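Residue numbers (the numbering used here): 21 to 153.
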């Protein structure tokens, strides 16, 4: 069963907020058929601890500013700034330092789950603005 509309809205908004803060390797995984506690994981990487915190802050701000506000029910890992988890019930956001992303390999752990396409709107805008050769 695909993710519900709310989970999709939250996932895409979180992914875009992460992209706006230059997070890398942004992936949305539909885990709804395998986990009963959430519908999707949003996973993003950052190259240093300060960027991890900036990405997390941007995601929280973006989701609280949605027409139907969303605040995390749980937030873990912020002190270390290496792997921060934001639990929104419908989705769980993982912002990881690049080294943690490689070591824990959540993408590989959940490789049997479908992914939800995400395209950074800045990349779409850049493609539309650039002249074709």
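Cβ coordinates follow ideal geometry from the N, Cα and C atoms, glycine included. Since we're looking at a predicted model, the values are computed, not measured.
What is the DSSP secondary structure of residue i, counted as helix, strand or coil?
i, result
"residue 153", "Unreliable positioning characterises residue 153 in this predicted model, as indicated by a pLDDT of 45, which lies under 50. The coordinate reading is nonetheless provided below. Residue state, collapsed to three classes: coil."
"residue 67", "coil"
"residue 142", "helix"
"residue 212", "Because the chain spans 21 through 153 in this model, residue 212 falls outside it and cannot be assessed."
"residue 79", "helix"
"residue 62", "strand"
Is it buried or exposed, residue i, if we count other Cβ atoms within 10 angstroms and call 16 or more buried?
i, result
"residue 123", "exposed"
"residue 173", "The chain is shown from 21 up to 153; residue 173 falls before or after that span and cannot be answered."
"residue 129", "exposed"
"residue 86", "exposed"
"residue 94", "exposed"
"residue 89", "exposed"
"residue 100", "exposed"
"residue 67", "exposed"
For residue i, which residues does DSSP report across the bridge?
i, result
"residue 26", "Answer is none; residue 26 lacks a bridge partner."
"residue 46", "Paired residue(s): none; residue 46 is not in a bridge."
Kindly provide the ranges of any beta strand (DSSP E) runs that are 3 or more residues long and lie completely inside the region 96-133, ordered along the chain. 103-107 and 111-117
Sufficient close CB pairs (3 or more, under 8 Å) joining the region 50-60 to the region 72-88: no
Report yes or no: do the region 32-39 and the region 74-89 share at least 3 C-beta pairs separated by less than 8 Å? yes
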